[in-house]
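Trainee:
Chains as they are written, first to last, in the working numbering: chain F, 320 to 376; chain S, 71 to 314.
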């Protein structure tokens with residue numbers, strides 16, 4: 320197992336390369352989902368404003 | 071010729087719905103492919119006869135470099151469609167690409183540096199391929215900066231589209247930099263006219279990664295596109311239905 324992580328002496332270069340790639344993959348999924356959720360919440364809020372009676376806005 | 075399909079394709083509610091349906095169909099296969107490719111690339115593939123286990127950086131470097139260039143192509147094409155046919159959804163699609171493209175350009179540069187240090191003895195050289203890839207990052211950043219710098223959406227769409235289209239000139243420069251100039255960067259070993267110059271047990275994980283990353287981009291981009299469409303269609307009545 321430790322032999323696997325040593326990667327033939329390239330561990331110091333290989334694992335950071337994999338880590339930064341994983342980070343990009345995860346961050347992009349999260350930001351996309353958050354952007355969509357935020358856009359939906361904003362659209363819903365706007366809809367509620369529009370259906371509210373004039374004096375309550 | 072019947073153009074209804076074209077108008078239907080450009081209609082925001084239609085695209086919003088389709089994107090929502092398609093995203094998981096790209097996302098889950100992408101996840102499975104990437105996990106399988108990780109195992110195949112890190113465990114099953116044999117070490118390289120020259121680079122030992124260091125060559126395995128290719129399984130994250132090549133897919134992110136491929137995404138950085140492919141996403142730019144998608145972004146510029148969508149921007150061109152938006153300019154020519156005044157299709158708002160196409161502009162929204164172009165805008166959804168930029169952030170993802172910039173991320174993977176950075177990843178390709180960092181993983182390339184981490185591969186360059188043990189193999190070339192340096193993290194960075196002002197080599198044609200490396201420099202062109204850095205220019206790609208600046209194109210993405212310029213595109214995003216231009217978009218956020220112009221408040222009027224229609225003007226922002228047009229100006230950024232022109233920048234994206236002009237920047238396409240950098241794509242063949244990236245592609246052929248290793249052939250036109252005496253580059254330190256190796257020539258393509260997979261995406262070339264000839265057969266790939268890699269044995270199958272090294273090549274298969276790479277092809278799985280390339281496909282996995284491409285599907286991954288499609289999934290993430292579609293979710294971003296949905297957000298972009300909602301933000302743009304301020305008072306459209308279909309949004310009420312879409313929110314149910």
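The C-beta atom is built at its ideal place from N, Cα and C for all residues, glycine as well.
Skipping 5 residues on each side, what residues in its chain have a beta carbon closer than 8 Å to that of residue 273/S?
Mentor: In the second chain, residue 273/S corresponds to position 203, counting from 1. Answer for residue 273/S: 260 and 266, listed in chain order.
Trainee: Which residues does DSSP pair with residue 122/S in a beta bridge?
Mentor: As a position in the second chain, residue 122/S is number 52, starting the count at 1. 118/S, per the DSSP bridge assignment.
Trainee: Does residue 136/S come out as helix, strand or coil in the three-state DSSP assignment?
Mentor: Taking the second chain and counting its residues from 1, one reaches residue 136/S at position 66. Note: residue 136/S maps to helix in three-state DSSP.
Trainee: Note the first and the last residue of the continuous alpha helix (DSSP H) segment covering residue 169/S.
Mentor: Working through the second chain from its first residue, we reach residue 169/S at position 99. Where residue 169/S is concerned, the enclosing alpha helix (DSSP H) stretches over 158–190.
Trainee: If the cut is a Cβ gap below 7 Å, which residues of chain F does residue 187/S touch?
Mentor: Here the question's residue 187/S lines up with position 117 in the second chain. Within 7 Å Cβ-Cβ: 332.
Trainee: Using a C-beta cutoff of 8 Å, does residue 335/F count as contacting chain A?
Mentor: The structure shown contains no chain A; its protein chains are F and S.
Trainee: What residues of chain F sit near residue 124/S, judged by a beta carbon separation below 9 Å?
Mentor: To locate residue 124/S, count along the second chain from 1; it is residue 54. Here the neighbours are 326, 327, 328, 329, 332 and 333.
Trainee: Under 8 Å by Cβ, that's how I've got residue 255/S and residue 207/S pegged, so tell me the actual separation to the nearest angstrom.
Mentor: Working through the second chain from its first residue, we reach residue 255/S at position 185. Working through the second chain from its first residue, we reach residue 207/S at position 137. That belief does not hold up - the Cβ atoms of residue 255/S and residue 207/S are roughly 16 Å apart, past 8 Å.
Trainee: Does the separation of the CB atoms of residue 168/S and residue 214/S fall below 8 Å?
Mentor: What you label residue 168/S is simply residue 98 of the second chain in a count that begins at 1. What you label residue 214/S is simply residue 144 of the second chain in a count that begins at 1. Yes, the pair counts as a contact, with Cβ atoms nearer than the cut-off.
Trainee: Alpha carbon to alpha carbon, how far is residue 299/S from residue 109/S? Give it in angstroms, no decimals.
Mentor: Reading the second chain from its first residue, position 39 is the one you call residue 109/S. Reading the second chain from its first residue, position 229 is the one you call residue 299/S. Approximately 37 Å, taken between the alpha carbons.
Trainee: If you measure from the beta carbon of residue 364/F to each beta carbon in chain S, is any gap under 8 Å?
Mentor: Taking the first residue of the first chain as position 1, residue 364/F is located at position 45. It does not; no Cβ of chain S falls within 8 Å.
Trainee: Which residues in chain F have a C-beta closer than 8 Å to the C-beta of residue 134/S? List them in chain order.
Mentor: In the second chain, the residue the question calls residue 134/S occupies position 64. Within 8 Å Cβ-Cβ: 340 and 343.
Trainee: If you compare alpha carbons, which of 251/S, 296/S and 231/S is closest to residue 154/S?
Mentor: Here residue 154/S is taken as the residue at index 84 of the second chain, counted from 1. Minimum Cα distance to residue 154/S is reached at 231/S.
Trainee: Hey, would you say residue 130/S sits closer than 8 Å to residue 192/S, going by beta carbons?
Mentor: Along the second chain, one-based indexing puts residue 130/S at 60. Along the second chain, one-based indexing puts residue 192/S at 122. The answer is no: Cβ separation not under 8 Å.
Trainee: Within 10 Å of its beta-carbon, does residue 236/S have 16 or more other beta-carbons around it, so buried, or fewer, so exposed?
Mentor: Here the question's residue 236/S lines up with position 166 in the second chain. Result: exposed.
Trainee: In the DSSP assignment, find the unbroken alpha helix (DSSP H) run with residue 222/S in it and report its ends.
Mentor: Working through the second chain from its first residue, we reach residue 222/S at position 152. That residue, residue 222/S, is in no alpha helix (DSSP H); it is neither H nor E in DSSP.
Trainee: Where does residue 250/S land, buried or exposed, given buried means 16+ other C-beta within 10 angstroms?
Mentor: Counting from 1 along the second chain, the entry for residue 250/S is found at position 180. Residue 250/S comes out exposed.
Trainee: Between the beta-carbon of residue 365/F and the beta-carbon of residue 313/S, is there less than 8 Å?
Mentor: As a first step, residue 365/F is located in the first chain; it is residue number 46 there, counting from the start. As a first step, residue 313/S is located in the second chain; it is residue number 243 there, counting from the start. Result no, Cβ atoms of residue 365/F and residue 313/S do not sit closer than 8 Å.
Trainee: Verify the CB distance criterion: does residue 96/S have a CB-CB separation below 8 Å to chain F?
Mentor: Sequence index remark: in the second chain, residue 96/S carries index 26 (1-based). Not an interface residue.
Trainee: Could you give the uninterrupted runs of the alpha helix (DSSP H) lying entirely in the stretch 222–297 of chain S, keeping only those of 4 residues or more?
Mentor: Taking only runs of at least 4 residues, the alpha helix (DSSP H) segments lying wholly in the stretch 222–297 of chain S are 223–236 and 240–250.
Trainee: Compare the Cα-Cα distances from residue 279/S to each of 240/S, 291/S and 106/S and report the closest residue.
Mentor: Sequence index remark: in the second chain, residue 279/S carries index 209 (1-based). Of the listed residues, the one whose Cα sits closest to residue 279/S is 106/S.
Trainee: Taking 8 Å as the CB-CB limit, is residue 286/S close to chain F?
Mentor: Reading the second chain from its first residue, position 216 is the one you call residue 286/S. Closer than 8 Å to some Cβ of chain F, the Cβ of residue 286/S qualifies, so yes.
Trainee: Would you please verify whether the beta carbon of residue 141/S is less than 8 Å from any beta carbon of chain F?
Mentor: Here the question's residue 141/S lines up with position 71 in the second chain. Answer no: the Cβ-Cβ gap between residue 141/S and chain F never drops below 8 Å.
Trainee: Rounded to a whole number of angstroms, what is the C-alpha to C-alpha distance between residue 227/S and residue 297/S?
Mentor: Taking the first residue of the second chain as 1, we reach residue 227/S at position 157. Taking the first residue of the second chain as 1, we reach residue 297/S at position 227. Taking the straight line from one Cα to the other gives about 16 Å.
Trainee: Kindly list, in the order they appear in chain F, the residues whose Cβ is closer than 7 Å to that of residue 177/S.
Mentor: As a position in the second chain, residue 177/S is number 107, starting the count at 1. Within 7 Å Cβ-Cβ: 339, 340 and 343.
Trainee: With DSSP as the reference, label residue 203/S as helix, strand or coil.
Mentor: Indexing the second chain from 1 puts residue 203/S at position 133. Residue state, collapsed to three classes: helix.
Trainee: Please report how far the alpha carbon of residue 225/S lies from the alpha carbon of residue 127/S, in whole angstroms.
Mentor: Residue mapping note: residue 225/S aligns to position 155 of the second chain, counting from 1. Residue mapping note: residue 127/S aligns to position 57 of the second chain, counting from 1. Roughly 42 Å between the two C-alpha positions.
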